[in-house]
Each structure stands twice: as C-alpha cells, then as structure tokens.
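*Asks:*
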Amino acid sequence: MDIYSTLLATLEPIRQKLKERANQLQGKSNIQLNTTDKSQSNSTHLSECSTLNYLCHRFNLSRCEREIILLCVGMELDPLWPSECADAQVNPQNNFPTFSLAQSIFERVDIGVLAPESPLRYWKLIEVQPGLVLTLSPLKIDERIFHFLVGTNQLDERLISIIKPIVTNENLVDSHQEIVKQIISVWNYTLNPTDNLFKSPNQDYDPSLFREKVTQIYPELGNLESEGEDLYIHINQAKHLPIIQLYGNETSAKIAIAATVCHHLKFNLYRISSQVIPTNLNELYQLIKLWRREAILNQAALFLEVNQAASIDINRENAISYFIEEIDSPLIVSCQDRKPQQHRQVIMFEVNKPTTLEQRHIWHQTFKEQEINLDNFVDRLVAQFNFSLTEIQSVSQQISALISSNLSLESDDNNKSITQKIWQICRTHAQPQINELAQPIQAIASWDDLVLPELQKQTLQNIATHVKQRITVYEHWGFLQKGKRGLGITALFAGASGTGKTMAAEVIARELHLDLYRIDLSSVVSKYIGETEKNLRQVFDKAETGGAILLFDEADALFGKRSDVKDSRDRYANLEVSYLLQRMEAYRGLAILTTNLKEAIDNAFMRRIRFVVKFPLPDVTQRTEIWRRIFPKETPTAGLDFRKLAKLNLPGGNIRNIALNAAFLAADMGEPVTMAHLLQATESEYAKLERPLTDTEVKGWV
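Pasting the structure below:
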C-alpha cells in the first residue's frame, strides 16, 4: 500500500470517533461500535504510515498530538470530513477541527498542546486560524507538513527562493578527500549516541580516552583543568552539533567537500548565501525556525556561504552570527577567513587549491586522455598556473576542442605550436578581474628596446630566470623543504621617472609570456584603517591563479622610514607595508615595486626584497643608443643626427615623448621626421617640464 492510501486508512479510526461523538450528541447511545477492533486497526495503520511515524518521532509528538494532526489531515483528504466535524460539534457552521472537538473525541488531551512552545505550534505543524476563542478556533495542517505526510517531500515554498539544493558529482583530490574524512569522523562521533563520548560519566569509561576524544572535536576544551563529569558537563552545554567551517577562496572545492560529506552521511545538502539572511530580527527568527523544521523533515544539512562584503555591514554580520549560533542542524560554513563563534563549537579546515603534485597528476591525466605527449610541458604549467580541479577541467575542454581541429601533432614545430596555444588558453582563463584596482599593460617592449648598463640588464635576466626555474629549484631540487618563507620572487626597481622601470617589467612579461598589471599604490592606499590591506588582498588573491606579474607603482606612497612611530597612523602604515611584503613573499608569481626614492625605504624592508635594480639616468652614450632605437623601422626619417640629439640630458621616457610628438608633426606635414620636427617637439617637452632649453643643447640642429 502506498503512503497516500496508508494515510487514508489511518484516518478511519479518527472518523469512527467523530461518528461516535455525533451519535452520542444526537442521543443514539444504543448504537455501539467495536472500539477494540478499531483500536487495533488504528495501531496497525499507525505503524504502517511511515511518514506519520517519522514526523511524530522526530518532533517528539504525544499520542494526542498525533491524533490532532490526523484530525487536521482529514480535512485535506476527505470531502465528507467537514460535515462529520460539524455533526460531532452539533453546529453546521463548525465544519472544521477545533481543540474543543479534539478534547471531546480523544482521551487525555491537555490544553498545553495549544501552547505557543508546544511541538504542534512551535514547529508550525498546525496553524490556529483566527477566532474569538482559542479552543473553538479552526485548526489547519501546515501545507508543508501535509505534503510531507502524503509523500511529496519538497522544500517549503517560503524557503525555495533563498535556499537551493546542491547536487555535484565533482571528484576530489586526495588533500580534499582527507578533509572529508576528518569531517565525517567529527560528525560521526557527535551523531552516534552510543559512542563513549556521549555516555553518562557515571558509566564505565576511560577518562584519558574520553578527554582525547573531546579535544579532537572541541579543541578549545583541551586546556580545561576539569576531568570526568565536569568535562562532560561542558560538552552537554554545547548541545549543538559542531559547526564545520571551510575557509579559503576555493568555493567550488568547498562545495564538493560538503556534498561528499553529506552523501556519505545520507544528508540532503542545501545552500544559502549570507546576502539573503534577513537583518530584521523577527524575519531572521522565522527563517531559523523554518530551516530547523526543514532539516528535520528532509534530513538536511546547510551550506552557508558567507560573503566577504557581509563584514562591512555590521547589522548583517550580527544577523549571520546569530543565524549560525541558532542553527542546530548540520551546518557547514564557507568563508574566506576564519570566523570564530562565541558560543558554538567550530571545527575549522583550510581549503586550498590542489597541491603541486596533485595538479601535475591531473594535467598528466588530461594530456593522456587527449592522446598527446606533453609531459615536459606539465612542469611549466604547474609552476605558473595554480588551478583548481574545476579550472583544469574547464581548460581541458578547450584543449580538447583544439586537438579535434585539423592541427597535426606529428612534427616538433606543431608540437611547439600547440603548447603555445595551451599556454595562451591558460593565460586567458587565469586573467584576474582586478581592473578596478589595476591597469593591464600590453607587453610589447623587448630586450633590444632596453638601454641599461650591463649589470642592471643581467639582473633583469636573472629575475626572469628565477620565474622560469621556480619549480625546478623549489620542488625538484628540494629548496621548498628548507622552508616556505620568502619563496615569492620580489624586486624593487628604483630610479627617476622615465628611466625605464615600467619598460623593464614589460620586457620580463614578454619574455615569460605572462600578463602584466600595474597597480598604482597611491590609489590603493586608503586613509581608513584596514582598507589598504583589503585592497591589496583583493589584488593578490585574484592574481594568484595565473601568477601574473604585478607592478606596484609609486611605492613611495606606502613605504618610508618609519622607525620612529609617532602616532597610530605610523603604526598602521608599518602594518600595511609588512602586509604588502608578506603577500609579495608568498606570491607564486613575480611582484615588482617601483620607487623614485630608494633612500626613502627602510633597510628592514629592503632586506625582504630579493632583487634591487637601480635605473640610472642615461649618459651620453646610452642616450645616443636610445635615440637610435626610438623610431620604428617603418618611420620615415631624414637627416637625423643622434649624437646631437644625445646632448639633451633627458631619461628615456622624455626622449620617447619627443620622438612621438615629432612623428605626429611630420605626419601632419606629409614629411619624414627631421631635426626641425624634433626641435619643435623638444621645445614643447621642455616647456612641459618647466626647464629652459639652452642653445648649447640644440646647436646645429637646423
């Protein structure tokens, strides 16, 4: 018999009681019914109706509360039920269940079942319709409860718009599987009432084993001096299942971990964003109560995504904390940073990207499935791109489309071509969304465009080499085992404006086939405490995946000699600098600082930077070389004297401005670039710099 039919049959004893009451009120006492048989039938049907039994068991309902539920269910299932309720109350207008009716047909019905805190009303299993007298007010089964009883177990319609089911079949890497095992272990200890951890301390137990298990689940109790019963009291005071907190930036991995845990424990998993948590206390209370009921009905766990923006709104942050404190069903909180709770036990797990070894294995599997041999290329990919499993799978789909094209892989040239295409796919996929804080720079300049002393040029080439050989030295040659501090590649470019600092970063980016982003520190630094770190964190977190080159321009805005801390602003400025250097040292890619005043940077900060490149003002020989290279080969020129032009004591940036301005003047006149055009452009540039242009500098130009 299906649930619907079983429930209908279960109503028969209730119908019989209604008829008995109606006959009694109508004076038909001579009609006797076999109540013993009906009672036995009632017992049989009650045991057969699985949804009703589950409801009564999980909400701890008494027999009379169960009967009131059935009295209300009859209104939904039987069209004759209203008339039978009316007959049993000798009032055709009272064609609905009431508490007074329940008292008249059922045994031992206490008025307490209508109290607001009773299970029937607290869990909103029934609704008391408006009426002048509580005991005569209509009683109605809650719609969600009715659907549950007839076997339609869907989410309450009041929750559908804000709580969504999570269904994922995503595989997990070993490091994430380990987190799954630990969560299952923690929850299994707590959920299993027969476990020694939750037995009465008056029973036989090993105190040392008890304390060990307690501190596994509740580490904060590990320092307590209490033993035995005192420690057990601390556990009982917690009451709730420990909250699982997954922190870090890997949302997809956290969802997959939560889904795997719930699949193992046979929980249905649902997801809610902190953005929809109401700040109105009454609405918040109703949401909590609705979800707690839903979790019981649906054997559900909740995955709460705490948005970083929630910390800005103090009201929402308080609402989220209250929500977490009051949810006593299985709860997994996803957040970027650790989020401690005041009264609840929280077990925290950091969820990172797959390890380098795991990423390497995934890439090997990907290329094996594509039937291409790019084993040597895998190390380059893993060294540069820090992808999650989902991201590698997404890139893999693009690679598959590339392989299925007509590109032949038989020759070395075509093999090189496909690695270049795969690299570009990865670059595109990893491009950070930081345009509000950073400016992308197209890396066009090459080593030939860079005019610097040989020492500086060699240092720049060494920087590129460190980025290329990062995985070889750190992992294959074991330097990672010596400690992780300072593994990021950091550089300081110091020199006057226009001496080639940005161009040098371009050259390195082009050499490494990487994206370059310029971050103006003067715009990132905020007068509001904590805001600078938040901006810097956003840049690093979003750039981490692809290891883009980060060029922090105008470092003077943040750095400075602050050994003498005079006020709170100085203290926070030191913290901001320390935070930036800390993130630079941990960054997987190359992070470059530029400054016009190297001397302004404290020596303590300088020691934490791996490379320092000083960009001097060019001498006459270097200026001559800059002038020789400044015009593209397509530019028509006539009669240019580079030795005379080199007499202008200017850095490369200003030389480029003059050359570009002269090219526009010549193009407008339909002529090749000449010394006359350059003279006019030079006069304009010097006027902009507010510097006098002497006859000695331009003698013999025209």
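According to our numbering, the stretch in the sequence shown is residues 1073 to 1774, in order.
Every residue, glycine too, gets a C-beta built ideally from N, C-alpha and C.
If we define contact as Cβ-Cβ less than 9 Å, is Val1185 a contact residue for chain B?
*Replies:* Here chain B cannot be found, since the structure has a single protein chain.
*Asks:* Spatial neighbours of Arg1432 within its chain, please: C-beta separation below 6 Å, excluding the five flanking residues on both sides.
*Replies:* Once the five neighbours on either side are set aside, the close Cβ partners of Arg1432 are Val1450, Val1454.
*Asks:* Tell me Ala1330's beta-bridge partners as DSSP assigns them.
*Replies:* Ala1330 is not bridged to any residue.
*Asks:* If you compare alpha carbons, which of Ser1518, Ser1233, Lys1338 is closest to Trp1259?
*Replies:* Out of Ser1518, Ser1233, Lys1338, Lys1338 has the C-alpha closest to the C-alpha of Trp1259.
*Asks:* Locate the alpha helix (DSSP H) running through Pro1085, then write down its first and last residues.
*Replies:* First-last of the alpha helix (DSSP H) with Pro1085: 1084-1097.
*Asks:* Classify Glu1508: buried if its beta carbon has 16 or more other beta carbons within 10 angstroms, exposed otherwise.
*Replies:* So Glu1508 counts as exposed.
*Asks:* State buried or exposed for Leu1079, treating a residue as buried only when at least 16 other CB atoms are found within 10 Å of its CB.
*Replies:* Leu1079 should be labelled buried.
*Asks:* Pull up the DSSP beta-bridge partners for Met1420, would you.
*Replies:* Paired residue(s): Gln1317.
*Asks:* Return the CA-CA distance between Leu1653 and Leu1669, expressed in angstroms with no decimal places.
*Replies:* Rounded to the nearest angstrom, the two C-alpha atoms are 18 Å apart.
*Asks:* Does the distance from the CB of Ser1190 to the CB of Glu1242 come in under 9 Å?
*Replies:* Contact: no.
*Asks:* How big is the Cα-Cα spacing for Leu1524 and Ser1489?
*Replies:* Spanning the two alpha carbons is a distance of roughly 33 Å.
*Asks:* On a Cα-Cα basis, can you pick out the residue from Ala1658, Phe1677, Leu1622, Glu1626 that is closest to Leu1647?
*Replies:* Comparing Cα positions, the closest option is Phe1677.
*Asks:* Can you tell which of Ile1141, Arg1093, Ser1122, Asn1534 has its C-alpha closest to the C-alpha of Val1162?
*Replies:* The residue with the shortest Cα to Cα distance from Val1162 is Arg1093.
*Asks:* Taking 8 Å as the limit between beta carbons, can you name the residues of its chain near Ser1569, skipping five residues before and five after?
*Replies:* These residues qualify, in order along the chain: Asn1668, Pro1723, Gly1725.
*Asks:* Please list, in chain order, all residues of the same chain as Val1222 whose beta carbon is under 7 Å from its beta carbon, the five residues on each side excluded.
*Replies:* If we look at Val1222 and ignore the five residues flanking it on each side, its Cβ neighbours are Ile1075, Tyr1076, Leu1079.
*Asks:* Take the Cβ of Leu1127 as the centre, count every other Cβ of all protein chains shown within 10 Å, and call the residue buried at 16 or more, exposed below.
*Replies:* Under this definition Leu1127 is a buried residue.
*Asks:* Helix, strand or coil: which one does DSSP assign to Lys1540?
*Replies:* Note: Lys1540 maps to helix in three-state DSSP.
*Asks:* Please state whether DSSP places Asp1276 in a helix, a strand or coil.
*Replies:* Confidence at Asp1276 is low in this model, with a pLDDT of 39, below 50, so the placement of that residue is unreliable and no value is reported for it.
*Asks:* Starting from the Cα of Asp1520, find the closest Cα among Glu1578, Asn1534, Phe1565 and give me that residue.
*Replies:* Answer by Cα proximity: Glu1578.
*Asks:* In terms of alpha-carbon separation, which member of Trp1699, Ala1566, Asp1400, Gln1511 lies closest to Thr1262?
*Replies:* Out of Trp1699, Ala1566, Asp1400, Gln1511, Asp1400 has the C-alpha closest to the C-alpha of Thr1262.
*Asks:* Considering only DSSP beta bridges, list what Leu1211 is partnered with.
*Replies:* Per DSSP, Val1200.
*Asks:* Taking Ser1406 as part of the beta strand (DSSP E), name the residues at either end of that continuous run.
*Replies:* It spans 1403-1407 - the beta strand (DSSP E) in which Ser1406 sits, taken as one unbroken run.
*Asks:* Is the beta carbon of Phe1171 less than 9 Å from the beta carbon of Cys1157?
*Replies:* No. Outside cutoff.
*Asks:* For a test of the three-state rule: what should DSSP assign to Ile1561, helix, strand or coil?
*Replies:* Reduced to three states, the DSSP call for Ile1561 is strand.
*Asks:* Take His1538 as the anchor and find which of Ala1563, Lys1554, Leu1522, Ala1515 has the nearest alpha-carbon.
*Replies:* The shortest Cα separation from His1538 among Ala1563, Lys1554, Leu1522, Ala1515 belongs to Ala1563.
*Asks:* Measuring only the C-alpha atoms, how far is Thr1709 from Val1745?
*Replies:* Roughly 4 Å between the two C-alpha positions.
*Asks:* Of all the alpha helix (DSSP H) runs that stay within the bounds of the stretch 1713-1770, which reach a length of 4 or more residues?
*Replies:* The qualifying runs are 1714-1717, 1724-1741, 1747-1761, 1767-1770.
*Asks:* I'd like the ranges of any alpha helix (DSSP H) spanning at least 4 consecutive residues and lying wholly in the stretch 1644-1685.
*Replies:* As far as the stretch 1644-1685 is concerned, its whole alpha helix (DSSP H) runs of at least 4 residues are 1675-1678.
*Asks:* Can you look up Ala1710 in the DSSP assignment and give me helix, strand or coil?
*Replies:* Note: Ala1710 maps to coil in three-state DSSP.
*Asks:* Decide if the stretch 1427-1445 is in contact with the stretch 1344-1354; the criterion is three or more beta carbon pairs, one per stretch, under 8 Å apart.
*Replies:* Not touching, per the Cβ criterion.
*Asks:* Got a sec, what are the start and stop residues for the beta strand (DSSP E) Phe1171 sits in?
*Replies:* Unbroken run through Phe1171 is the alpha helix (DSSP H), 1171-1177; no beta strand (DSSP E).
*Asks:* With 16 as the cutoff for other CB atoms within 10 Å, does Gly1550 come out buried or exposed?
*Replies:* When all chains shown are included, Gly1550 counts as exposed.
*Asks:* Distance, Cα to Cα, His1335 vs Ser1345?
*Replies:* Answer to the nearest angstrom: the Cα atoms are 21 Å apart.
*Asks:* So what does DSSP say about Ala1629, is it helix, strand or coil?
*Replies:* Helix.
*Asks:* Whole angstroms is fine: what's the gap from Arg1700's alpha carbon to Phe1714's?
*Replies:* Distance between the alpha carbons of Arg1700 and Phe1714 is about 7 Å.
*Asks:* Are Ala1581 and Ile1543 closer than 9 Å when you measure CB to CB?
*Replies:* No, Cβ-Cβ distance for Ala1581 and Ile1543 is not below 9 Å.
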